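Mapping of the sequence shown onto full-length UniProt numbering: position 20 corresponds to residue 20, and the numbering continues sequentially without gaps. Think of the CB as a built atom: it goes at the ideal place given N, C-alpha and C, for glycine as much as any other residue. A quick note: this is a predicted structure, and the numbers were derived from the prediction, not measured. Working notes, beginning with the structure itself.
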Amino acid sequence: MITDAQVERWLREDVGHHDVTNRVPGETTGRLVAKESGVAAGLEAAEAVFDYLDVTVTDRLEDGTEIEPGDELCRVDGPARDVLRGERVAVNLAGHASGIATRTREAVTAARSEADDVAVAATRKTTPGLRGVEKRAVVAGGGDTHRLDLSHMVMVKDNHVAELGLEEAIAHFEERTSFATKLDVEVERVADAPRAAAAGADIVLLDNMTPDRTRDAVAELADYDGVLAEASGGITVADVPDYAATGVDVISMGSLTHSAPSLDLSFRTGT
């Protein structure tokens with residue numbers, strides 16, 4: 001849920017304390033238009049910006065809609081000054097989110113070329129203050145959000161293992177979590193995958209392994225019913241089919257959020 005406080009911070013950053021640029025009289029209409037093909041996202045955030053400024057938004061597309069150059073994502077009506085004040089923030093949010101949704105859709109499509117049921121998930125490598133917008137964009141592109149914050153799942157990572165040891169780290173966190181909280185354990189060696197599963201992992205994250213090593217690790221986990229295999233670590237869209245073919249349940253990609261280019265959008269006022 002996007003709050004007024006979030007929108008106020010976004011606008012304060014852009015408008016500043018003395019906005020002369022947008023002192024334009026009268027009423028106007030504005031249109032958010034795609035300049036390249038992709039997947040629309042972030043339109044809820046864009047609408048929240050205009051709503052805060054008492055600008056009316058109409059004809060808004062649903063997030064997840066595929067768009068082509070020239071397509072209108074939404075229309076707005078209101079005082080010219082307020083439409084122009086909201087323009088850049090709204091375009092930046094929608095362009096950034098649409099870029100993430102587009103990259104995610106590409107990754108999901110690539111995964112489906114090899115496996116129908118593998119999930120493509122984001123990570124916590126998000127922009128501070130924009131995680132909600134970015135995670136919703138992943139969903140718009142057909143991906144999975146993974147954990148939204150640290151409270152949603154315990155991940156035993158390399159630093160935890162370095163401090164406590166693999167089995168000891170798993171036992172340590174099992175004692176401190178609810179029965180409803182899953183335990184995701186990161187391993188970097190094939191031999192450690194069954195160790196993690198035997199120690200109580202719900203998910204074994206196969207980190208920075210090649211597709212061949214990932215396939216070997218998945219085979220090692222075959223005897224552990226209910227334990228999911230997750231591939232992660234520098235995986236690009238081009239790599240996705242190779243990882244999807246290994247039999248993993250989840251492919252996690254930080255690049256969905258931290259490296260997706262913004263989709264080129266334009267905002268035009270007048271008729």
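Check the C-beta distance from residue i over to residue j and give it rounded, since I have them as a contact under 8 angstroms.
i, j, result
"residue 273", "residue 31", "The structure shown does not extend to residue 273, since the chain is modelled only from 1 through 271, so no value can be given for it."
"residue 89", "residue 269", "Contact doesn't hold; Cβ gap of about 15 angstroms is too wide."
"residue 144", "residue 120", "7 angstroms"
Measure the Cβ-Cβ separation of residue i and residue j and say whether it is below 8 angstroms.
i, j, result
"residue 170", "residue 191", "no"
"residue 104", "residue 42", "no"
"residue 122", "residue 256", "yes"
"residue 45", "residue 100", "no"
"residue 211", "residue 246", "yes"
"residue 37", "residue 67", "yes"
"residue 231", "residue 248", "yes"
"residue 35", "residue 264", "yes"
"residue 207", "residue 186", "yes"
"residue 39", "residue 109", "no"
"residue 76", "residue 29", "yes"
"residue 173", "residue 161", "no"
"residue 227", "residue 201", "yes"
"residue 209", "residue 222", "no"
"residue 118", "residue 244", "yes"
Between which two residues does the beta strand (DSSP E) containing residue i stretch?
i, result
"residue 73", "72-79"
"residue 205", "203-207"
"residue 265", "265-269"
"residue 235", "No beta strand (DSSP E) holds residue 235; DSSP gives it neither H nor E."
"residue 31", "27-34"
"residue 120", "119-121"
In the DSSP assignment, find the unbroken alpha helix (DSSP H) run with residue i in it and report its ends.
i, result
"residue 136", "131-140"
"residue 256", "255-258"
"residue 148", "Run containing residue 148: none; DSSP gives neither H nor E here."
"residue 180", "No alpha helix (DSSP H) contains residue 180, which DSSP labels as neither H nor E."
"residue 3", "Run containing residue 3: none; DSSP gives neither H nor E here."
"residue 216", "211-220"
"residue 43", "43-52"
"residue 61", "Run containing residue 61: none; DSSP gives neither H nor E here."
"residue 163", "158-164"
"residue 193", "192-199"
Counting C-beta neighbours from all protein chains within 10 Å, is the total for residue i 16 or more, i.e. buried, or is it exposed?
i, result
"residue 183", "buried"
"residue 236", "exposed"
"residue 97", "buried"
"residue 48", "buried"
"residue 177", "exposed"
"residue 20", "exposed"
"residue 189", "exposed"
"residue 150", "exposed"
"residue 238", "exposed"
"residue 5", "exposed"
"residue 267", "buried"
"residue 146", "buried"
"residue 163", "exposed"
"residue 214", "buried"
"residue 134", "buried"
From this set, the options, which residue's C-alpha is nearest residue i's C-alpha?
i, options, result
"residue 229", "240, 242, 252", "252"
"residue 27", "260, 134, 78", "78"
"residue 10", "128, 33, 107, 124", "128"
"residue 153", "136, 174, 181, 175", "181"
"residue 273", "87, 69, 33", "In the structure displayed, the chain extends from 1 to 271; residue 273 sits before or after that span and is not available."
"residue 51", "15, 24, 209, 7", "7"
"residue 13", "74, 25, 70, 85", "85"
"residue 140", "133, 64, 107, 215", "64"
"residue 136", "94, 225, 23", "94"
"residue 80", "24, 106, 250, 179", "24"
"residue 250", "16, 4, 107", "107"
"residue 240", "166, 179, 115, 130", "115"
"residue 70", "168, 33, 225", "33"
"residue 138", "254, 18, 17, 15", "254"
"residue 258", "22, 131, 17", "131"
"residue 53", "59, 15, 60", "15"
Measuring only between beta-carbons, confirm whether residue i sits less than 8 angstroms from chain B.
i, result
"residue 216", "Absent from the structure: chain B. Only one protein chain is present."
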